[in-house]
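> For the sequence shown, position 121 (counting from the first letter as 1) is numbered 111 according to our numbering, and the numbering increases by one without interruption.
Heads up, the beta-carbon is just placed ideally off N, CA and C, and yes, glycines get one too.
After the structure tokens below, expect a handful of questions from me.
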Amino acid sequence: MKKLLFSSLCLLSTLFAFSQISIVRSDVFEANDTIPEIYYGFENDNDCVATQEVMPENLVFGSQSAFPLIMLDSAIYYQPSEIDPNGVFEAANCAYLTKEEFMMFLKIDEAKVELIGLQAQMPMSETETIDIKFDETVALYNFPCEMGNTNDAIGTTMDKRPLSDFQEMIGDYYTWLAAMYDSVRFFVQVDVNSTFDEFGTIKFVGDSIKNGEYEYLREDLKMITFVDVQLRQKSNGNYVSIGTLGYTDMPKSDTTYSHNYWTKNNKKPILTIAYNFDKSSIHSMTFRYEYTSFVNTDIVANLNVYPNPTSKYINFSIDNCEDYELYIFSTDGRLINKSVLQSDNTLIDISNYRSGVYLYQILGKNNTLIAGGEFVKE
-9 MKKLLFSSLC LLSTLFAFSQ ISIVRSDVFE ANDTIPEIYY GFENDNDCVA TQEVMPENLV
51 FGSQSAFPLI MLDSAIYYQP SEIDPNGVFE AANCAYLTKE EFMMFLKIDE AKVELIGLQA
111 QMPMSETETI DIKFDETVAL YNFPCEMGNT NDAIGTTMDK RPLSDFQEMI GDYYTWLAAM
171 YDSVRFFVQV DVNSTFDEFG TIKFVGDSIK NGEYEYLRED LKMITFVDVQ LRQKSNGNYV
231 SIGTLGYTDM PKSDTTYSHN YWTKNNKKPI LTIAYNFDKS SIHSMTFRYE YTSFVNTDIV
291 ANLNVYPNPT SKYINFSIDN CEDYELYIFS TDGRLINKSV LQSDNTLIDI SNYRSGVYLY
351 QILGKNNTLI AGGEFVKE
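Okay, structure coming up:
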């Protein structure tokens, strides 16, 4: 009986220790952060792979060969003043660009992360943008984030403007539209539903993901973004979507289902998995990227990088070069240079680089990792 009681206490102690992981302000990104990532997925938004084929039961992740698209990228977080010179989002202290090309403006403090508004491309224009500020901020995270916490938040805004503001943009169609409509309304709604539903340990053993074993707190997240541009009818005051006129694809609604694996001191989830609606299949996996020196000798023959160290030029020499792409990173993961290696010898001017160690990756077709290494700028 004593042995059983002792075992039970040990088990409870272990579970209690794991459950103590919580995400606080210092575990989340801030302006001026650049976080390297590696993305495994599909070019087509509708393509997926069965969850059971790529999701290991023991949460030990390696290289993801089931995905045809592999991309190295960085999540970059900006000072809002760099993008919002007019101070529309004056309370924001961080901004970032989503894959859907929305610039999101956040207010981050010790208590929470709030979405203040977003900047998006104006429909029917390739150059104009619109600033959309929510009537009330949308709480994305409330600190500390702990097991069992839930968050439901909705943000809406309706920005009304005279149709005449868009006369130049609309061009030849303006006279026809102005006969029936007098104003434009931009409608945006963001719904956030999340639960921190699981904790445990996760392990990475791949060539270019952040290897190691980590305690995690998983966020089950559903986010819906709805955008519409509406015209007000002169005859009755009702609004109709501009999409009904056939000029643009409106309204737009995007729903994402994802699991975010949060860990301590890593600034953002170390792994994000994007699912279909019932989580039976996976569209993509985005890992925290970490440089790993790697050379695939079956693909690359006689790779030479010289002189090393160097102060001005560095040469990449590869036998039978096949239009490989060269990426050069600083040691903190920032992408410094991207070049196409179009011949057996490619000379790169690094005279403007700061002195120090730099990392390089050479990628082949479908962004397959071919080779990697480092050099020193004197």
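Rounded to whole angstroms, what's the CA-CA distance from S225 to M170? Just pull it up for me.
Distance between the alpha carbons of S225 and M170 is about 7 Å.
> Tell whether a beta-carbon distance below 8 Å holds between V174 and V219.
Yes.
> Report yes or no: do the stretch 40 to 56 and the stretch 188 to 196 share at least 3 C-beta pairs separated by less than 8 Å?
The answer is yes - the stretch 188 to 196 touches the stretch 40 to 56, with three or more Cβ pairs under 8 Å.
> From the DSSP output, in three-state form, read off D23 for me.
DSSP places D23 in coil when its eight states are reduced to three.
> Between which two residues does the alpha helix (DSSP H) holding T165 run?
Y164 to A168 is the span of the alpha helix (DSSP H), which, as asked, contains T165.
> Using CA coordinates, which residue listed in I260, E33 and T119 is at the minimum distance from E280?
Ranking I260, E33 and T119 by Cα distance to E280 puts I260 first.
> Compare the Cα-Cα distances from E90 to each of Y204, D35 and T253 and report the closest residue.
Of Y204, D35 and T253, the residue nearest in Cα terms is D35.
> Quick one: using the 10 Å Cβ neighbour count with 16 as the cut-off for buried, is T165 buried or exposed?
It counts as exposed.
> Considering only the alpha carbon of each residue, which of E33, L293, I120 and A129 lies closest to Q109?
Closest option to Q109, Cα to Cα, is I120.
> Considering Cα atoms alone, identify which of V18, F92, A361 and S329 is closest to C135.
Per the Cα distances, V18.
> Using 10 angstroms around the beta-carbon of A310, count the other beta-carbons present and answer buried if the total reaches 16, otherwise exposed.
The question names Ala, but residue 310 in the sequence shown is Asn. It is exposed - the Cβ of N310 has fewer than 16 other Cβ atoms within 10 Å.
> Would you kindly work out how many angstroms separate the C-alpha atoms of Y206 and Y296, rounded to a whole number?
Going from the Cα of Y206 to the Cα of Y296 covers about 42 Å.
> Could you pull the start and end residues of the alpha helix (DSSP H) that Q42 belongs to?
T41 to V44 is the span of the alpha helix (DSSP H), which, as asked, contains Q42.
> Can you name the residues that DSSP bridges to T117?
Note: T117 sits in no beta bridge, so no partner.
> Reducing DSSP to helix, strand and coil, say where F156 ends up.
Reduced to three states, the DSSP call for F156 is helix.
> Provide the residue span of the beta strand (DSSP E) that contains T262, from first to last.
Segment L261 to Y265, the beta strand (DSSP E) holding T262.
> From L153 to K355, what does the alpha carbon distance come to, in whole angstroms?
About 48 Å.
> Quick check: the Cα distance between L(-1) and V14, rounded to an integer number of angstroms?
With a pLDDT of 42 at L(-1), under the threshold of 50, the modelled position of that residue is not reliable, and no figure is offered here.
> Mind checking who K328 pairs with in its DSSP beta bridge?
Partner(s): Y317.
> Pull up the DSSP beta-bridge partners for H249, would you.
According to DSSP, which records beta bridges pairwise, H249 is partnered with D210 and I263.
> List, from N- to C-terminal side, the beta strand (DSSP E) runs of 3 residues or more that fit wholly inside the stretch 211 to 246.
Counting whole runs of 3 or more residues, the stretch 211 to 246 contains the beta strand (DSSP E) stretches 229 to 231.
> Once DSSP output is grouped into helix, strand and coil, what is the label at S341?
Three-state DSSP puts S341 in coil, outside helix and strand.
> Quick check on the DSSP output: the beta strand (DSSP E) that includes C84 runs from which residue to which?
C84 -> beta strand (DSSP E) spans C84 to L87.
> The beta strand (DSSP E) spanning V195 covers which residue range?
Run containing V195: none; DSSP gives neither H nor E here.
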